[in-house]
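In terms of numbering that gives the first Met the number 0, the sequence shown opens at residue 0 and continues consecutively. Ideal placement from N, C-alpha and C gives every residue a C-beta, glycine not left out.
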Amino acid sequence: MLATPPLALDRKTAQLYGALQPADFTGGTRAGLVADDIRHGRIPAPSSLANAFERPLRALVPDITELERAFAAAGAPFVALSGAGPTHYALVPELSEAISLASSLRTLLPRTTRIMIARPTAFGPIVE
Numbered sequence: 000m001l002a003t004p005p006l007a008l009d010r011k012t013a014q015l016y017g018a019l020q021p022a023d024f025t026g027g028t029r030a031g032l033v034a035d036d037i038r039h040g041r042i043p044a045p046s047s048l049a050n051a052f053e054r055p056l057r058a059l060v061p062d063i064t065e066l067e068r069a070f071a072a073a074g075a076p077f078v079a080l081s082g083a084g085p086t087h088y089a090l091v092p093e094l095s096e097a098i099s100l101a102s103s104l105r106t107l108l109p110r111t112t113r114i115m116i117a118r119p120t121a122f123g124p125i126v127e
């Protein structure tokens, strides 16, 4: 389940890359844990879903924490940042949970926020 608020930040990705600091990076262990979970059909642990852009995005767009609070209020098991943002997501095991979460978020977030449900394909990677 994904939610993307409108964000008007000139050269967003360049600004975020420019704001990164060494402490924002991990040694890659977490990425290995996520890959292992996906390989074995498990939902990755939230603690493994680190994103180097979290701190810089919050510094440049402090209101993004409202989106994170909305996920929690809607009952999401966790919320994580996708890429350089502003899209955030939560992983849930069942489509019915994603629909319920999306419905709750729709009542909590502005109508300008895009809310989407995505699911993996049964066919594996489309591009190798």
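Considering only the beta carbon of each residue, do residue i and residue j sit closer than 8 Å?
{"i": "Val33", "j": "Pro21", "result": "no"}
{"i": "Met0", "j": "Val91", "result": "yes"}
{"i": "Ala69", "j": "Leu107", "result": "yes"}
{"i": "Ala49", "j": "Arg29", "result": "yes"}
{"i": "Ala79", "j": "Pro119", "result": "no"}
Sort out for me which residues DSSP pairs residue i with in a bridge.
{"i": "His87", "result": "Ala2 and Leu80"}
{"i": "Arg113", "result": "Thr3"}
Since residue i contacts residue j with CB under 8 Å, what's their CB separation in whole angstroms?
{"i": "Leu56", "j": "Gly31", "result": "Actually they do not touch by this definition, with Cβ atoms about 24 Å apart."}
{"i": "Ala2", "j": "Thr111", "result": "Actually they do not touch by this definition, with Cβ atoms about 11 Å apart."}
Expressed to the nearest angstrom, what Euclidean distance is found between the alpha-carbon atoms of residue i and residue j?
{"i": "Ile98", "j": "Thr12", "result": "30 Å"}
{"i": "Ser95", "j": "Ile37", "result": "21 Å"}
{"i": "Gly40", "j": "Arg54", "result": "29 Å"}
{"i": "Ala117", "j": "Pro5", "result": "19 Å"}
{"i": "Ser81", "j": "Ala89", "result": "10 Å"}
{"i": "Gln14", "j": "Leu66", "result": "20 Å"}
{"i": "Ala58", "j": "Gly26", "result": "23 Å"}
Hey, is residue i close to the ligand FAD, as in C-beta under 7 Å from one of its heavy atoms?
{"i": "Pro55", "result": "Although the ligand FAD was asked about, the structure shown includes no ligands whatsoever."}
So that I know if they touch, is there some Cβ in chain C lying closer than 8 Å to that of residue i?
{"i": "Ile116", "result": "In the displayed structure, chain C is absent; only one protein chain is listed."}
Original post:
Between the stretch 97-113 and the stretch 63-76, are three or more C-beta pairs nearer than 8 Å?
Top reply: Contact check between the stretch 97-113 and the stretch 63-76: three or more CB pairs, one atom from each, fall below 8 Å, which counts as touching.
Subject >> the stretch 62-72 / the stretch 7-27 touching (three or more Cβ pairs under 8 Å) >> reply: no
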